[in-house]
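Q:
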Amino acid sequence: MMQMKATRDAFGETLVELGRKNRKIVVLSGDLEDSTRAEYFKKEFPERFFNLGIAEQDILGTAVGLSLDGLIPFACSFAVFLTNQGYGVLRISICYNRRNVKVIGSHAGLTVGPDGATAQCLEDFAITRVLPNIIIISPVDAIETEKATRAMVDICGPVYMRLGRAPFPIITKDSDPFIVGKANILREGKDLTILATGLLVSESLKAADALAKENIETKVINMHTIKPIDREAIIQAAKETKAIVTAEEHQINGGLGSAVAEVSSKTVPVPVEMVAVNDTFGESGDEEGLLRKYHLKDVDIVEAARKVLERK
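Mapping of the sequence shown onto the working numbering: position 75 corresponds to residue 93, and the numbering continues sequentially without gaps.
#1: Would the beta-carbon of G273 fall within 9 Å of that of F143?
#2: From what residue to what residue does the beta strand (DSSP E) around A93 run?
#3: Reducing DSSP to helix, strand and coil, say where G134 ends up.
#4: Taking the alpha-carbon positions, what's the E321 to T285 distance?
#5: N115: buried (16+ other C-beta within 10 angstroms of its C-beta) or exposed?
#6: Contact defined as beta carbons within less than 8 Å: I believe F196 pairs with D159. What is the distance between those atoms, to the nearest angstrom?
#7: Evaluate contact between the segment 225-241 and the segment 296-311, counting only Cβ atoms and requiring at least three cross-stretch pairs below 8 Å.
#8: Which value, in whole angstroms, describes the spacing of the CA atoms of S47 and A279?
#9: State the DSSP-derived secondary structure class of Y312, mapped to helix, strand or coil.
#10: For I154 and R324, what's the separation of their Cα atoms in angstroms?
#11: Please specify which runs of the beta strand (DSSP E), each continuous and at least 3 residues long, are wholly inside the segment 215-246, giving them in chain order.
#12: Taking all protein chains shown into account, decide if E306 is buried (16 or more other Cβ within 10 angstroms of its Cβ) or exposed.
#13: Which class does F63 belong to by DSSP, given the choice of helix, strand or coil?
#14: For the 8 Å Cβ check, are there 3 or more pairs between the segment 289-296 and the segment 232-250?
#15: Excluding the five sequence neighbours on either side, which residues of its own chain have a C-beta within less than 6 Å of the C-beta of A169, listed in chain order?
#16: Output yes or no for whether 9 Å exceeds the beta carbon distance between I112 and V121.
#17: Nearest by alpha-carbon distance to P150: which of D318, D304, T163, K245 is it?
#18: Provide the residue(s) that pair with R180 in DSSP beta bridges, ordered along the chain.
#19: Measuring alpha carbon to alpha carbon, tell me which of R117, R66, V82 ends up nearest L36.
#20: Going by the beta-carbon positions, is the gap between R183 and G216 smaller than 9 Å?
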């Protein structure tokens, strides 16, 4: 049985460990610290925790002020609120000024489940990756989230990390490398490549198993960093397999699929099929049911693989 753990839980636990070693770390919340797991930090370091209420612009603006004093602020809330309501501050105060602020967007994707369309952030990659000077991380599981959280502290500048509410399958090991901007190859194959991020990586591995039964050898790559995108990994995959499928719990426009297509079209043009939410809002429902309805399951990745092989 595959072990499951929410990436938000791993983030909260790791942040406490880092807080014990680095007194410069401070945490800001939008009255959602219980949901984002920032409450773990709040309980241990109440003097370094700030609840700004339901005011995302204020959360990010205050984080900028704290960074000017040499602190390392982690601004935590739902992804949909930080990237949408807080966009102006994120753009000018944080990215334009290259402030050392870590923006943690929890509850991203459809798997927010019963919270419904207003809380399901499906556009955060598109919103953030057009901004200069920001790094965007989308960890595949709890182990990788821990590594990413540690790496963020050592980065001087804006970072956005996307986390999920639902438990994700743990598919990586403590010994696996994690380098920001460097994708990880999880499976080799010669017929096509699946480039996936977040929860859709585990679905891609299941799809690769299904395709293997049809004698289709599939390369699977975990693209944990959306920006800077690993251009070398994309170019190499295009050259080797000459067909690409992307998979993400995000809108089809402006996300991982768009980033991959931008690279491949300019370097090694190959057929690209995208598994993503097809230009629609989500709805309230259970996690598994939503993934099936909006075609983000392993069977949908298999179908996309067959389409791209026909085009190849």
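Ideal Cβ placement from N, Cα and C applies to all residues, glycine included.
A: The relevant details are as follows:
#1: yes
#2: 90-96
#3: coil
#4: 26 Å
#5: exposed
#6: Contact flag wrong, Cβ pair sits at about 11 Å.
#7: no
#8: 35 Å
#9: coil
#10: 30 Å
#11: 236-240, 243-245
#12: exposed
#13: coil
#14: no
#15: V198
#16: yes
#17: K245
#18: G123
#19: R66
#20: no
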